[in-house]
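Before any comments, here is the structure.
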């Protein structure tokens, strides 16, 4: 589904935020409306380095940012959120977003369009990581990007998990992104190759990293537990158990203290509508699991 029957609030005081990465499935702030739509003139790319969530300074992972492209096919699908609450509560949500997106150095106002081409939101805030920020990695051969995502991990968990959750969320909202899905497939194949290589070399299977299903190639390599438990270490970004992560990173401490109660992707919004992002689905086995 690429549209919605919910009409956006036209009030000049409305604050909208457009998410094209993990915000799609885990906003972690209260909102009044959630509209599936696309922005024009931008392409989603895995060009931003992650040194604090899905990688380390020594071995950064890759997360999405936007690159500007001036042609009709350049569109990026995502979700626009209308912030809820009083002006003070909305300011607190924006402060949270500033901290969460601290490695993204550009704030842009964009118009969001529905599947029928009609404008849904004028002037939604979007966070972009430009080439000027210190963690920007930039373009690379797609196979090299896939290998980097397959092998990187940080305090929030493995980089492949970030990719798979994003791809699954995009499928959940019925939004097309051939490049994203192709990259997901390449990473899945790379994880299979790594596990097969470890098996041939006689290395401990538990050292292998991969989404559930990949591990089934080797009965001894059961890596499903980490993802089925929701990767608690990634709670701040991906909606796991925040209390389990106390003290592990400044981001998660702020997240736990500054946000009294954060909705997850399956709760009802303030207007009683259930979030329609589907549960995480294993890209290999196509079975549902915990996000």
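Numbering (the UniProt record's numbering), first residue to last: 1 to 291. Every residue gets a Cβ at the ideal spot worked out from N, C-alpha and C, and that includes glycine. Computed from a prediction, not measured in an experiment: that's the story for all the values here.
Assigned exposure category for residue 57 - 16 Cβ within 10 Å defines buried: Translated into positions along the chain shown, residue 57 becomes position 57. Residue 57 is exposed by the Cβ-count criterion.
Proximity winner among 40, 101 and 91, relative to residue 52 (alpha-carbon distances): Taking the chain shown and counting its residues from 1, one reaches residue 52 at position 52. With distances taken between Cα atoms, residue 52 lies closest to 101.
Same chain, Cβ closer than 6 Å to residue 19, neighbours up to 5 away in sequence not counted: Taking the first residue of the chain shown as position 1, residue 19 is located at position 19. Answer for residue 19: 78 and 79, listed in chain order.
Stretch pair the region 134–149 + the region 26–36: three plus CB contacts closer than 8 Å: no
Cβ-based neighbour list, residue 93, same chain, cut-off 6 Å, excluding 5 preceding and 5 following: Within the chain shown, numbered from 1, the residue matching residue 93 stands at position 93. These residues qualify, in order along the chain: 29 and 83.
Classification of residue 106 by the beta-carbon crowding that lies within 10 angstroms, buried from 16 upward: Taking the first residue of the chain shown as 1, we reach residue 106 at position 106. Only exposed fits residue 106, as fewer than 16 other CB atoms lie within 10 angstroms of its CB.
Rounded straight-line distance, which links the Cα of residue 194 to that of residue 188: In the chain shown, residue 188 corresponds to position 188, counting from 1. In the chain shown, residue 194 corresponds to position 194, counting from 1. Answer to the nearest angstrom: the Cα atoms are 10 Å apart.
Three-state secondary structure (DSSP) of residue 24: By 1-based counting over the chain shown, the position of residue 24 is 24. The answer is coil: DSSP assigns residue 24 none of H, G, I, E or B.
Cβ distance (whole Å) where residue 34 is taken to contact residue 81 below 8 Å: For the purposes of this step, residue 34 is taken as residue 34 along the chain shown, with counting starting at 1. For the purposes of this step, residue 81 is taken as residue 81 along the chain shown, with counting starting at 1. 6 Å between Cβ atoms; contact.
Spatial neighbours of residue 69 in its chain, beta-carbon cut-off 8 Å, leaving aside the 5 residues before and after: Taking the first residue of the chain shown as 1, we reach residue 69 at position 69. In its chain, beyond the 5 residues on either side, 41, 42 and 43 have a beta carbon closer than 8 Å to the beta carbon of residue 69.
Three-state secondary structure assigned by DSSP to residue 162: Residue 162 sits at position 162 when you count from the first residue of the chain shown. Residue 162: helix per DSSP, three-state reduction.
Environment of residue 38 [buried if 16+ CB atoms lie within 10 Å]: Against the chain shown, residue 38 aligns to sequence position 38. It counts as buried.
Contact test: residue 178 Cβ vs the ligand NAP heavy atom, cutoff 7 Å: The ligand content of the structure shown is nil, which means the ligand NAP is not present either.
Contacts around residue 160, its chain only, beta-carbon distance under 6 Å, and the 5 residues preceding and following it disregarded: Your numbering for residue 160 matches position 160 in the chain shown. Here the set comprises 149, 150 and 187.
Per DSSP, the bridge partner or partners of residue 127: Numbered from 1 along the chain shown, position 127 holds the residue referred to as residue 127. As DSSP reads the structure, residue 127 sits in a beta bridge with 107.
Spatial distance of residue 95 from residue 59 (CA atoms): As a first step, residue 95 must be located in the chain shown, where it is residue number 95. As a first step, residue 59 must be located in the chain shown, where it is residue number 59. Between residue 95 and residue 59, the C-alpha separation is close to 28 Å.
Cross-strand partners of residue 96 (DSSP beta bridge): Position 96 of the chain shown, counted from the first residue, corresponds to residue 96. BP columns for residue 96 are empty, so no partner.
Environment of residue 124 [buried if 16+ CB atoms lie within 10 Å]: As a first step, residue 124 is located in the chain shown; it is residue number 124 there, counting from the start. Counting Cβ neighbours within 10 Å, residue 124 comes out buried, since at least 16 surround it.
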